[in-house]
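J.: Going line by line, the protein sequences match chains B and A. Residue 1 is where the first sequence starts when you use the working numbering, and the numbers rise one by one after that. Residue 1001 is where the second sequence starts when you use the working numbering, and the numbers rise one by one after that.
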Amino acid sequence: MSDLQLTVALVVRLLLLVLLAGMLWRGRVRHCWAFAAYVVAVLLGNTLVSLWPERFFNPPFWMVKQGVYDALKVAIALELAWRSFRAFPGAQRTAQRVLLALLALSTLSLVWVSSPSSFETLWEWQPPVATAALWLLTATALMVVWYQVPVNGWQRAIMLGLAPYLLVFVSLLGLLERRGWAAVGELFATAETLAYLALVAFWSWAAWRRDPAPAASAGSRA
Amino acid sequence: MTLELVLSSVGCALLCYTLGRYNRALTLQRWQFVLNAPERQAIESLRQRMAVDSALARQALEAAGRARETSRPPDALTVLRVALSVLEEAGADRLTRLRAMGVYSRMVRAISPLPPPSPAPFRGTELRAAASAAGVVHRLLVGTQERFRLWLLVLALGVRIVLRGGRRSADAAGREPQRPRHWKAFARGVDDFEALDACHLTAFEALVASLAAVDRGGRLRLWERIVGDAG
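Right, dumping it as structure tokens:
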């Protein structure tokens, strides 16, 4: 790891702690448990790689780590959708159908791209999984606006942060695939870490920000 | 990889656009309105507003007709323009309400069914054709919400057709004040506007009835869930 990467990883680790503290302090953990699990997983992964690089800074660990992150990203998208629509049965029915269709399509595309080699499979899965997670978030966002479903500022911040990062991630993977690790590996690692730094900084700010007070009660006249 | 890149870019752009424009305060306000919708009062006030608009347009049209019969074309045209401005103002109000009804129709669980659009109440050719076509589409749709939104589309289209026809007739009457054809066309437009208002009121009643279908306890629980989740 280069000095820059180590420094950025340290800042990311600190920001993850700030984020976690903000989520606990403001009671945001209950708004998306999968996100809390994701932050803890990233913090753990980052700490292991930074403190014991000789043992954990290698492709096999990267694959395992990324597999866990991918699963948690999909879980975040599904939990956000469930939390958004659970009070609205009509919208929930449509959301279930749309998300199920997206999951089915993603699974089919994963089966399509997978090679027989088990080690390379997870690497090949990265772009489709990131795209699937992004589209789960997009479908949720579109249905939130269509059905006028209220989502809080924190849930909105999770989606608004994660989507651009996933796009950057998929773009960098594309670059890596075309040019190879030898040519752009260093650039990939640095750019990805910087993008992640920006993402965690945004989430930390959103986690500590105060939400405006909710509107007055309803049903007084009903 | 190119496919994933394209899909990710489109998805990210859509998400940022929709959530970037998302206004939580407005959404909560809408839900508060939905859960507190004052049914009878809202219908009654809309009915009164429609009656006033119709009476104003009719009065202005009749006054223009009288001025024309007593050979005062400039006065007749001035009053006809007043009638047109009444229709235009009322039309803007109807279009705003139709847009809001479209939003609220997505927020309710189910909507009271409406009959298929029919050309019978209308006199204008374009409006009759639009209503006939919508009647056919109505039969092809299954859900009451989709049918309700089709109704809203037809009503909005109808208001635009009537306003455009009214402007055309008023301009033509200005060029040829003696020809009764243009005055009759304008009068037909006022009739159609009243028929559209009757349909508008029916759709509004259906929506309000659907909003009121949730009992008091259900409303309170839903509101608590909405604010609890969103707070």
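Every residue gets a Cβ at the ideal spot worked out from N, C-alpha and C, and that includes glycine.
Using a Cβ cut-off of 8 Å, pull out every chain A residue sitting near Ser-171 of chain B, in sequence order please.
T.: Leu-1005 and Ser-1008
J.: Count Cβ pairs between the segment 27–39 of chain B and the segment 145–160 of chain B that sit closer than 8 Å; are there 3 or more?
T.: yes
J.: Rounded to a whole number of angstroms, what is the C-alpha to C-alpha distance between Gly-1158 of chain A and Ala-1060 of chain A?
T.: One Cα belongs to Gly-1158 of chain A, the other to Ala-1060 of chain A, and the distance between them is close to 22 Å.
J.: Among the candidates B:Trp-82, B:Ala-183 and B:Arg-13, whose CA atom is the shortest distance from the CA of Leu-43 of chain B?
T.: B:Arg-13
J.: State the Cα-Cα distance for the pair Leu-166 of chain B and Ser-1105 of chain A, rounded to the nearest angstrom.
T.: Going by the C-alpha atoms only, they are around 34 Å apart.
J.: Buried or exposed: where does Gln-223 of chain B fall if 16 or more other Cβ atoms within 10 Å of its Cβ makes it buried?
T.: In the structure displayed, chain B extends from 1 to 222; residue 223 of chain B sits before or after that span and is not available.
J.: Tell me which residue opens and which closes the alpha helix (DSSP H) that Val-235 of chain B is part of.
T.: In the structure displayed, chain B extends from 1 to 222; residue 235 of chain B sits before or after that span and is not available.
J.: Considering only the beta carbon of each residue, do Gly-1011 of chain A and Thr-107 of chain B sit closer than 7 Å?
T.: no
J.: Would you mind stating whether Ala-207 of chain B and Arg-28 of chain B have Cβ atoms separated by less than 7 Å?
T.: yes
J.: Does the beta carbon of Thr-107 of chain B sit closer than 7 Å to a beta carbon anywhere in chain A?
T.: No, Thr-107 of chain B lies away from the interface with chain A (no Cβ there is under 7 Å from its Cβ).
J.: If you count every other CB in all the chains shown that lies within 10 Å of the CB of Val-168 of chain B, and 16 or more means buried, which is it?
T.: buried
J.: DSSP state of Ile-76 of chain B, grouped into three classes?
T.: helix
J.: According to a CB-to-CB cut-off of less than 9 Å, which residues of the segment 139–150 of chain B neighbour chain A?
T.: Ala-139, Thr-140, Ala-141, Leu-142, Val-144, Val-145, Trp-146, Tyr-147, Gln-148, Val-149 and Pro-150
J.: With distance defined between alpha-carbon atoms, name the residue in B:Arg-210, B:Val-170, B:Leu-197 and B:Trp-181 nearest to Leu-1003 of chain A.
T.: B:Val-170
J.: Within 7 Å (strictly less), CB to CB, does Leu-194 of chain B reach chain A?
T.: It does not; no Cβ of chain A falls within 7 Å.
J.: Please classify Arg-1188 of chain A: does DSSP put it in a helix, a strand, or coil?
T.: helix
J.: Taking the C-alpha atoms as reference points, what is the distance between Cys-1016 of chain A and Leu-134 of chain B?
T.: One C-alpha to the other measures close to 11 Å.
J.: So is Ala-218 of chain B in contact with chain A if we call contact Cβ pairs under 7 Å?
T.: Annotation note: pLDDT 46 at Ala-218 of chain B (below 50); position unreliable, coordinate value reported separately. Judged by the 7 Å Cβ criterion, Ala-218 of chain B is in contact with chain A.
J.: Helix, strand or coil for Ala-1130 of chain A? Go by DSSP, reduced to three states.
T.: Helix at Ala-1130 of chain A.
J.: From what residue to what residue does the alpha helix (DSSP H) around Trp-203 of chain B run?
T.: 181–208
J.: Using a Cβ-Cβ cutoff of 7 Å, what residues of the segment 76–106 of chain B are near chain A? List them in chain order.
T.: Arg-83, Ala-87, Pro-89 and Gly-90
J.: Find out if the Cβ-Cβ distance for the pair Leu-1141 of chain A, Asp-1192 of chain A is shorter than 7 Å.
T.: no
J.: For the candidate residues A:Ala-1055, A:Asp-1075 and A:Arg-1147, whose alpha-carbon lies nearest to that of Val-1086 of chain A?
T.: A:Ala-1055
J.: So Met-1107 of chain A contacts chain B; which residues on that side make the cut at Cβ distance below 7 Å?
T.: Tyr-147 and Gln-148
J.: Could you give the first and the last residue of the continuous alpha helix (DSSP H) run that contains Gly-1020 of chain A?
T.: 1002–1021
J.: Would you mind reading off the limits of the alpha helix (DSSP H) that contains Phe-88 of chain B?
T.: Looking at the DSSP string, Phe-88 of chain B is not in any alpha helix (DSSP H), and its letter there is neither H nor E.
J.: Identify the contact partners of Met-23 of chain B in chain A, using a Cβ-Cβ distance below 9 Å as the criterion.
T.: Correct list: empty, because the minimum Cβ distance to chain A is about 15 Å.
J.: To which residues of the same chain is Cys-1199 of chain A closer than 7 Å at the C-beta, ignoring the five residues directly before and after it?
T.: Leu-1155
J.: Rounded to the nearest angstrom, how far is the Cβ of Leu-136 of chain B from that of Leu-78 of chain B, given a contact under 8 Å?
T.: 7 Å
J.: Is Phe-1122 of chain A closer than 7 Å to Ala-1195 of chain A when the C-beta atoms are compared?
T.: Their beta carbons are under 7 Å apart, which means Ala-1195 of chain A touches Phe-1122 of chain A by this criterion.
J.: Would you say Trp-52 of chain B faces chain A, with C-beta separation under 7 Å as the test?
T.: The Cβ of Trp-52 of chain B sits no closer than 7 Å to any Cβ of chain A.
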